[in-house]
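A.B. asks:
In the working numbering, the protein residues as written are 37 to 196.
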């Protein structure tokens, strides 16, 4: 049994990507609420879902056990999106990807390249795929599929 692959068809004028970097602790919750009030689409990345409830989307490039637990705890209206390798599932080549894939997740193809962390340079135009790097880079790829005019970031610190 293979994964059911998804595609991003959602469109958004403005997107706010919320990463889980240390600076997120300095952000007033009111700033995120203002974004919601103004119709901004909010994407949380990894553990940022625990700090920002009610996001439209939750995204990860690292769908390991820790992030699978976070996805399971997300707000019920938040769409979970994971970009994973084609081998993701019980027979995955990497042990962190061996699991029975949760069914309430939209899966996108994770495309690797020659950059650091196997990053694939540029943004992917295929709405069924995301170029890899770190999860905030992947979330930028997700936002790119939504064709926004504006993209903002919170909690993006590049600490590792």
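Built from N, CA and C at the ideal position, the CB exists for glycine as well. This structure is a prediction, so every number in the text was calculated from the model and none was measured.
#1: What's the C-alpha gap between residue 44 and residue 62?
#2: Can you give me the C-alpha to C-alpha distance between residue 185 and residue 50, rounded to a whole angstrom?
#3: Leaving out five residues before and five after residue 132 in sequence, what residues of the same chain have Cβ atoms less than 6 Å from its Cβ?
#4: Would you mind working out which of 77, 91, 118 and 78 sits nearest residue 97, comparing C-alpha positions?
#5: On the criterion of 16 or more Cβ atoms from any shown chain inside 10 Å, does residue 137 qualify as buried, or is it exposed?
#6: Specify whether the segment 80-91 and the segment 103-123 touch according to this definition: at least 3 beta carbon pairs, one from each stretch, less than 8 Å apart.
#7: Assign residue 112 to one of three DSSP states: helix, strand, or coil.
#8: Since residue 41 is in the alpha helix (DSSP H), which residue starts that stretch and which ends it?
#9: For residue 165, which three-state DSSP category applies?
#10: Using C-beta distances below 7 Å, list every residue in its chain close to residue 171, excluding the 5 sequence neighbours before and after it, in chain order.
#11: Within the same chain, show all residues whose beta-carbon is closer than 6 Å to that of residue 187, passing over the 5 residues directly before and after it, in chain order.
#12: Residue 185 by DSSP, collapsed to three states: which one?
#13: Is there contact between the segment 62-72 and the segment 139-155, where contact requires at least three CB pairs shorter than 8 Å?
#14: Which one of 130, 134 and 116 has the shortest CA to CA distance from residue 142?
#15: My assumption, with CB atoms under 8 Å, is that residue 190 sits in contact with residue 54. Please give the rounded CB distance.
#16: Could you name the residues that DSSP lists as bridge partners for residue 79?
C.D. replies: With the structure as the only source:
#1: Looking at the backbone, the Cα of residue 44 and that of residue 62 are separated by about 31 Å.
#2: 6 Å
#3: 100
#4: Considering only alpha carbons, the answer is 118.
#5: buried
#6: yes
#7: Coil at residue 112, not helix or strand.
#8: Careful: residue 41 lies outside any alpha helix (DSSP H) and carries neither H nor E.
#9: strand
#10: 81, 82, 95, 96, 97 and 98
#11: 51 and 179
#12: coil
#13: No: the two stretches stay apart, fewer than three of their Cβ pairs being nearer than 8 Å.
#14: 116
#15: Rounded, the Cβ-Cβ distance is 5 Å, consistent with contact.
#16: 53 and 93
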